[in-house]
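J.:
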Amino acid sequence: MILISNDDGILAAGVHALIDVMTGLGEVVAVCPASPQSGKSMAITSESPLRISRIEDYKGAKMYKVNGTPVDCIKVAMHTLMPRIPDMVVSGINHGSNASVNAVYSGTMGAAFEGCALGIPSVGFSLTDYSAEADFSHCGQFVKTISKAVLERGLPQGVALNVNIPHILAHNPEIRITKACKGRWTDEYKEYEDPSGKKFYWLTGKFINEEPDNTDTDEWCLSNGIVSVVPLALDRTVHLQKDYFYNYLP
């Protein structure tokens, strides 16, 4: 049994493309946000009720929508819908890259990390095309290859895979295990004024790749038409000698 979620919402083309592949690998239950939840990371809803609605099945997959975040979807699915622990949690396919630091902000990866926290092998898939009309047709081969391997072999405890697929593939496309690029966003907020004269701000920005020539990063792979797979740890503890940090204590 495979549990699917995303952060673009239950109506997104990417989750339907993911279901197209995963129904060939097992029984699928899809529990997704009722509306787009990009950038929610591992946020949960704690001050308002969550509601689950069954919608029409898609290609044999049971489909549910939840008025919450991607992590809410995984939590309520496990608590109320799943007859047993799923063999795998799969999130996506996201409209847009989740490489580098974007994995920290990503609701797609938030759902995958929640599955990982529950001890379930979990993978987040993204396509480097932000368009609502993005073409996911070439993603299936990579989604199937990686998902089959995870179903057969599992993943180390506390590790989820962040898979990014370039929208333009290399002539001989390949899948490469790599690492997250060092990068950051210039978080620029553009100022506007509403009809009442009050100012408001809208997030814009540009991603800065701080190691553009490093061929061992996800950003380099994607810019060269290579599918990147970055193993990410749920545990964010810095494993340095404790003595180092005692320097910060009184």
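Counting from 1, position 227 in the sequence shown corresponds to residue 217 in our numbering; the numbering is continuous, with no gaps. Note that the Cβ used here is the ideal one computed from N, Cα and C, for glycine as well. Since we're looking at a predicted model, the values are computed, not measured.
#1: According to the neighbour-count rule (16 or more other Cβ atoms, all chains shown, within 10 Å of its Cβ), is residue 279 buried or exposed?
#2: Which residue's Cα is closest to the Cα of residue 162: 217, 68 and 221?
#3: In chain order, what residues of the same chain lie with their CB nearer than 6 Å to the CB of residue 150, ignoring the 5 residues before and after it?
#4: To which residues does DSSP link residue 223 through a beta bridge?
#5: Using 10 angstroms around the beta-carbon of residue 234, count the other beta-carbons present and answer buried if the total reaches 16, otherwise exposed.
#6: At the level of alpha carbons, what is the spacing between residue 131 and residue 33?
#7: Starting from residue 85, follow the beta strand (DSSP E) in both directions and report where the run begins and ends.
#8: Taking the C-alpha atoms as reference points, what is the distance between residue 94 and residue 58?
#9: When the Cα atoms are used, what is the spatial distance from residue 204 to residue 210?
#10: Could you tell me if residue 118 is buried or exposed, where buried requires 16 or more neighbouring beta carbons within 10 angstroms of its beta carbon?
T.: Let me lay it out:
#1: It is not possible to answer for residue 279, since the shown part of the chain is limited to -9 through 240.
#2: Of 217, 68 and 221, the residue nearest in Cα terms is 217.
#3: 102, 103, 106, 112 and 222
#4: 149
#5: exposed
#6: 31 Å
#7: 78 to 85
#8: Answer to the nearest angstrom: the Cα atoms are 19 Å apart.
#9: 7 Å
#10: Residue 118 is buried by the Cβ-count criterion.
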